[in-house]
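Asks: Top to bottom, those sequences are chains Y and P. Under my numbering, the first residue of the first sequence carries the number 238, and numbering increases by one thereafter. Under my numbering, the first residue of the second sequence carries the number 238, and numbering increases by one thereafter. Cβ atoms here follow ideal geometry from the backbone N, Cα and C, with glycine treated the same way. The structure presented is a predicted model; accordingly, all values stated were derived computationally and were not measured.
2 protein chains.
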Amino acid sequence: MLSQKTRYTIRALQHLSDKYRQGPVRLDAIAEAQNIPRKFLTVILSEMVREGLVISHRGREGGYELGLDPVDIRYGDIIRLTRGSLALVPCAARNAHEHCQNCLPEAECRLRGLMLTLRDEMAAMLDRMTLADPIEVEPPFEEA
Amino acid sequence: MLSQKTRYTIRALQHLSDKYRQGPVRLDAIAEAQNIPRKFLTVILSEMVREGLVISHRGREGGYELGLDPVDIRYGDIIRLTRGSLALVPCAARNAHEHCQNCLPEAECRLRGLMLTLRDEMAAMLDRMTLADPIEVEPPFEEA
DNA sequence: TACTATCTCTACTGATTAGATAGACAATAG
DNA sequence: CTATTGTCTATCTAATCAGTAGAGATAGTA
């Protein structure tokens, strides 16, 4: 699962992407439009500023705006930033690789083999899509 | 991330798959070969018995064996059983669907749209692979 | 200058979950 | 009938997650 924080991050960035080149957007405006707890959002956006994805302006008329063109922000990058890795197991991470606890030697671990393939497929998709891409929305499922 | 429990489950099932039709395998044998804490493995295997994936035999000469042919156990199924869902956000689960907290209406949520597509790609792969499939193992990455 | 609106940072808290274990119980082969 | 094996429920601990508190910094503006 993506953490709530990662989900908030993605939605906040999508919001900023929609307002790109329209001047800074206030934190409260994002929080309200995206239904994100205000205080939590300050933490999230400050991190994005530190990472360079977002630029902030203080004081009156302040707010946030994307620091890069939406076309240059890939979903894969956002997830890597907030979660460290795209992989579903630590030993299958290509960037933030870590050994798993209580595992077999990596050279013989079939779970790792499988998860590496899966990670690569996920990465292919998430690195193809950027904040600039339109995303088709699906109607909610029927209730069970 | 897959929980440690899910990872143990997959490796335990792979182990049983390797010994399919060779008689019951004792819990200790699995725990030792797969480097899984013994007591924890009892919990895991009991669950798999309840789910019907594994058959147990008590007493002397007892142990565990797969309850289905390996070719009929898909990785997707194992993950759905242990984790509830393949999706990375609750609202993108096709089986165990739940609404997300603090989200937009599902009908307009682009995060959900994206995650549904990703879920479907992941499902396609994980439901194509079964315990019977050979999995290529990759050499460990170089240390950083 | 000083006032106010805005973002920034560090620390903290409370709830939940993950990982693992304990220990009494049940069944089966020999 | 006993040693061996799996079953079940409860429990513990530590980590993580989600969110909040609150003092501080900065910028525009009167």
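Could you name the residues of chain P that Y/Q259 contacts, counting a contact when the two beta carbons are closer than 8 Å?
Replies: Chain P residues near Y/Q259: none, gap ~18 Å exceeds 8 Å.
Asks: Have a look at P/R347 and Y/E373 and give me their C-alpha separation to the nearest angstrom.
Replies: Spanning the two alpha carbons is a distance of roughly 7 Å.
Asks: Candidates P/E379, P/N339 and P/C328: which alpha carbon is nearest Y/L379's?
Replies: Correcting the residue identity first, residue 379 of chain Y is Glu in this sequence and not Leu. Looking at the Cα atoms, P/C328 is the closest of the given residues.
Asks: Could you list the residues in the segment 261-277 of chain P with a C-beta less than 8 Å from some C-beta on chain Y, going in chain order?
Replies: Listed in sequence order: Q271, N272, I273 and P274.
Asks: Quick one: residues in its chain with C-beta nearer than 6 Å to the C-beta of Y/I292, no 5 flanking neighbours on either side, listed in chain order?
Replies: So the qualifying residues of the chain are E302 and G304.
Asks: Y/V326 and Y/M352 look like a contact to me (Cβ under 8 Å); what is the Cβ gap, rounded to whole Å?
Replies: That belief holds up - the Cβ atoms of Y/V326 and Y/M352 are roughly 5 Å apart, short of 8 Å.
Asks: Look up P/R287 in the DSSP assignment and say whether it is helix, strand or coil.
Replies: Correct three-state label for P/R287: helix.
Asks: Identify which residue in P/G260, P/S254 and P/P371 has its Cα closest to the Cα of P/Q271.
Replies: Comparing Cα positions, the closest option is P/S254.
Asks: Restricting to Cα atoms, I'd like to know which of Y/A324, Y/T319 and Y/E375 is closest to Y/T243.
Replies: Cα-wise, what sits closest to Y/T243 is Y/T319.
Asks: Below 7 Å, is the gap between the Cβ of Y/P342 and the nearest heavy atom of the ligand GTP?
Replies: With respect to the ligand GTP, the structure shown offers nothing to examine, as it has no ligands at all.
Asks: Of the residues Y/I281, Y/L368 and Y/V262, which one's Cα is nearest the Cα of Y/R311?
Replies: Out of Y/I281, Y/L368 and Y/V262, Y/L368 has the C-alpha closest to the C-alpha of Y/R311.
Asks: In three-state DSSP terms, what is Y/S254?
Replies: Here Y/S254 sits in helix by DSSP.
Asks: Where do the N-terminal and C-terminal ends of the beta strand (DSSP E) with P/G296 fall, by residue?
Replies: That residue, P/G296, is in no beta strand (DSSP E); it is neither H nor E in DSSP.
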